[in-house]
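>
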């Protein structure tokens, strides 16, 4: 009889832990790919000093393969760095505008829908939702144009 209880308790518990492990692995892997895509785009802006419509569409294409992202989920900001190393207030970046050397550029993305891991882990607790997020900050390092 004790073997039946063990079978009824241990096997379902192992299945639940296995599903949680798989959902966490999926969340972690997607989060890394999203961060990598955002970092790659920020690095391109760091080198060239400009983000084009093509760059934005390429980033959104990569993000949409991994999760549910809208155009409004992508926040682009730029600003200047002060003498003491702090940033001035960041303002919205318009695509195609050229940043000068030393300016700060920031990309922030957050998915529209919560992750599958969050749905499994938190259940109906609306305060503890996990979204796919990534932020990349860079300082423009392009060479000065000589006139």
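In our numbering, the protein residues as written are 667 to 813. All C-beta atoms, glycine included, are put in the ideal place defined by N, C-alpha and C.
1. Give me the Cα-Cα distance between residue 778 and residue 754, rounded to the nearest whole angstrom.
2. So what's residue 723 in DSSP terms, helix, strand or just coil?
3. Measure the beta-carbon distance from residue 717 to residue 761 and round it to whole angstroms, keeping in mind my assumption that it falls under 8 Å.
4. Less than 8 Å separating the beta-carbons of residue 684 and residue 733?
5. Is residue 797 helix, strand or coil when you go by DSSP?
6. Contact between the stretch 745 to 754 and the stretch 723 to 731: three or more CB pairs below 8 Å?
7. Count the other CB atoms, across all protein chains shown, that sit within 10 Å of the CB of residue 672; report buried if there are 16 or more and exposed otherwise.
Judging by the given coordinates:
1. Position 112 of the chain shown, counted from the start, is the residue given in the question as residue 778. Position 88 of the chain shown, counted from the start, is the residue given in the question as residue 754. In this structure, the alpha-carbon of residue 778 lies about 29 Å from that of residue 754.
2. As a working note, residue 723 is residue 57 in the chain shown. The answer is helix: DSSP assigns residue 723 an H, G or I state.
3. On the chain shown, residue 717 is found 51 positions in, with the first residue counted as 1. On the chain shown, residue 761 is found 95 positions in, with the first residue counted as 1. The beta-carbon distance between residue 717 and residue 761, rounded to whole angstroms, is 6 Å. This is short enough to meet the 8 Å contact definition.
4. By 1-based counting over the chain shown, the position of residue 684 is 18. By 1-based counting over the chain shown, the position of residue 733 is 67. Cβ atoms of residue 684 and residue 733: not closer than 8 Å.
5. Your numbering for residue 797 matches position 131 in the chain shown. DSSP places residue 797 in strand when its eight states are reduced to three.
6. The stretch 745 to 754 makes no contact with the stretch 723 to 731; the number of CB pairs closer than 8 Å stays below 3.
7. Locating residue 672 in the chain shown gives position 6, counting from the first residue. Classification of residue 672: exposed, given that the 10 Å Cβ count is below 16.
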